[in-house]
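Accompanying notes for the structure given below.
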Amino acid sequence: MAGSSALLCNMNKHISIFYPTITYQRHSWCVIRRICMSVSRCQSQAQTKRKSAPQELVGVVGLEIHAQIHSNTKLFSGSQVGFQAPPNSLVSFFDASLPGTLPVLNRRCVEAAVMTGLALNCTINRKSLFDRKHYFYADLPAGYQITQQRLPIAVDGTLTYSHLGGRKRNTVVTKSVRIKQIQLEQDSGKSLHDDYRSQTLIDLNRAGVGLMELVMEPDMSCGEEAAAAVREMQLILQALGTCQGNMAEGQLRVDANVSVHRPGDPWGIRTEVKNINSARNLARAIDYEIQRQMFVLESGGTVQNETRSFDGKTGHTIPMRDKEGLQDYRFMPEPNLPPLMVYEACSTAPPGVAPSQVVVLEEVRERLPELPSVRRQRLVETYGILPEHSFTLVNEDGLMDYFEAVVKETKAGPKKVIGWVMNELQGLLHQQNLSVSQSPISPQALAQVLNLQENGQISSSIAKQVFQELWKTPGKTAQQIVKEQDLGMVNDSTEIHRICQKVVDSHPDQVQAIRSGNKKVLNKLMGLVQKETKGRADPVLVRAILEQKTS
């Protein structure tokens, strides 16, 4: 085993692939057309469709999402799954494709695919088949991938997604994309290219890890729509627990199929942009590719059916190779795996089969959790918050639970809590690049601050000051900080009257302006009183006293 790993790790790169250099007339097209990944791109294409202007080209986008199944072991072997394990330390004989080894299907992976299909309103095929897809890469030791080409496990679903549109980005735009199929398949290994030594090193830790390939129909028209759909899919998979969805670690990879055409005409020739690892880069890659293809066609050229990669630094897509056809993959039935059967209920399973070997739809349906769209609707209906706020709460991991925990512990209303969570908490989290789980202020601590304010013990400005102190010294409570720094409200009305009189006496011009009808000047006097009291005076009481003294 060690010898075979060493052999795989030291493969020399004997094949070099050269691509023709593409040049354009006089000016770089990326100067002629600047890409702006914004809502205006989607809106302009939507307007083009409504007007049906035959001379205008519009984008057509379909996606293939490869989601790594959250499982302890691989799809067809007992090897562990781990992200940062030493190279080639999680490789079984089957993963290395040694002769005489056979696949054993992981039940957890099947259940994950079924659960994902149910969440996406798919039809679950009671019988699905495995196939061999042949292609020859160094990180695919068998020379083929086990997948589901002919009859996948789930088909004909729908993903409903939303994004914020409008000029102020506060209008919820809801759309849907059809899910063609969900199929189980193996992941490949990883090639590490060393150009300096002209070598490619192979790590097979990832080889054989279970994947769900989710194929979306070309129902989108721009990068923003695709990014919103992927983000919604990511949230659904994370809610289900079927995929952790960490794109930075390769747990969720996206291929974008992009073409352009004139409305009413057949679709154009598509290109595939491979292995995009963030929603932001996905939007950038698609918008760039749409503009590139438009320029090629408008210049009298022909779009090539090819596979491209995206360079995040330059924002450009780069040709990799010609696109393979079905005949290139030489699909054939997998001879070592029988048909995969899924049963509606335990009573429909064959007699004598152990329950641990059977996947039952009825049982999987019962374990479906609350999905993101349902969570958003519940937040709006239960707490009366704005739809755009519900998006922020659900889309950021842990933020919804934090918000609900604060609401449960405080007397303040949900709308007041959402303001604190969105502005104060998120502001500091983003400033220091922290996740919600890393916040030094717990929901209970924030609730204590709000309760002090609601009880009239501190003012709103002091509450923010206490919040900042809690962030710096999380070991203390809000009550301790208020007591130590003497931040409590000044309740002595005689003292407040004295301070107000002092401010009025020392600002005769402002008093005269108020008496002449300029009531806005009163706010300046209020600010001076709050400065004298260090923000500890009741603003309602201060306003009433000042109005009396300046009348």
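The numbering of the sequence shown is UniProt numbering, which starts it at 1 and goes up by one. The beta-carbon is built from N, C-alpha and C at its ideal position, and this holds for glycine as well. What you are looking at is a predicted structure, and each value in this text was computed from that prediction instead of being measured.
T158 and L120 look like a contact to me (Cβ under 8 Å); what is the Cβ gap, rounded to whole Å?
-> 7 Å
I think M294 touches V260, with their Cβ atoms under 8 Å apart; what is that distance to the nearest whole Å?
-> 6 Å
Who does L340 pair with in a DSSP beta bridge?
-> S128
Could you check where the alpha helix (DSSP H) with I481 kicks off and where it finishes?
-> A478 to E484
Pull up the distance between the alpha-carbon of S79 and that of S92, whole angstroms please.
-> 6 Å
Taking the CB atoms as reference points, tell me whether H163 and A228 lie closer together than 7 Å.
-> yes
Hey, how far is the Cα of G210 from the Cα of L235?
-> 19 Å
Extent of the continuous alpha helix (DSSP H) run through G208 = Taken as a continuous stretch (DSSP letters only), G208 belongs to no alpha helix (DSSP H), as it is neither H nor E.
Does the beta-carbon of N281 have 16 or more other beta-carbons within 10 angstroms, so that it is buried, or is it exposed?
-> buried
Following the continuous alpha helix (DSSP H) through S460, name the residue where it begins and the one where it ends.
-> S460 to K472
Leaving aside the five residues before and after R321 along the sequence, list all residues of the same chain whose C-beta is less than 6 Å from its C-beta, in chain order.
-> T307
Residue of F467, K476 and L337 minimising C-alpha distance to R132 | L337
State the Cα-Cα distance for the pair L129 and I441, rounded to the nearest angstrom.
-> 51 Å
Along the chain, where does the alpha helix (DSSP H) that runs through F331 open and close?
-> Segment: none, F331 is in no alpha helix (DSSP H) and carries neither H nor E.
heavy atom of the ligand GTP below 6 Å from A226 C-beta | In the structure on display, the ligand GTP does not appear, and there are no ligands present to speak of.
Residue range of the alpha helix (DSSP H) that K190 falls in?
-> Careful: K190 lies outside any alpha helix (DSSP H), inside the beta strand (DSSP E) at K190 to D194.
Please name the residue, chosen from D219, I514 and S188, that lies closest to G208 on a Cα-to-Cα basis.
-> S188
Assigned secondary structure, D397 (DSSP; H/G/I helix, E/B strand, else coil) | coil
Using CA coordinates, which residue listed in H134, L525 and G245 is at the minimum distance from I545?
-> L525
Taking buried to mean at least 16 other C-beta atoms within 10 Å of its own C-beta, is F94 buried or exposed?
-> buried
Straight-line CA distance for Q479 to L452?
-> 8 Å
Taking the alpha-carbon positions, what's the K416 to E404 distance?
-> 12 Å
Give the straight-line distance between the Cα atoms of N305 and Y135, rounded to the nearest whole angstrom.
-> 18 Å
Where the alpha helix (DSSP H) through F295 begins and ends = A279 to E298
Using a Cβ-Cβ cut-off of 6 Å (strictly less than) and excluding sequence neighbours within five positions of P443, which residues of its own chain qualify?
-> Y402, A405 and V406
How many whole angstroms separate the CB atoms of I65 and L184, which I take to be in contact at a CB cut-off of 8 Å?
-> Wrong, their Cβ atoms sit about 14 Å apart, outside the cutoff.
Helix, strand or coil for R231, going by three-state DSSP, please let me know.
-> helix
L184 - DSSP class collapsed to helix/strand/coil | strand
Rounded to a whole number of angstroms, what is the C-alpha to C-alpha distance between L419 and I462?
-> Sequence inspection shows Gly at residue 419; the Leu mentioned does not correspond to that position. One C-alpha to the other measures close to 16 Å.
Bounding residues of the alpha helix (DSSP H) (the contiguous stretch that carries T160) | Premise fails: T160 lies in the beta strand (DSSP E), A154 to G165, not in any alpha helix (DSSP H).
Give the C-beta separation of M216 and I179 to the nearest angstrom, bearing in mind that I take them to be a contact with Cβ-Cβ under 8 Å.
-> 6 Å
Cβ atoms of V521 and I514: under 7 Å apart, would you say?
-> yes
Between D538, Q501, F310 and P539, which lies nearest to T550 when the distance is taken from Cα to Cα?
-> Q501
Grab me the residues of P539's own chain with a C-beta within less than 6 Å of its C-beta, minus the 5 sequence neighbours each way, in chain order.
-> none
Residues that S259 bridges to, as DSSP identifies them = V60
Under 7 Å between C-beta atoms of P266 and G62 | no
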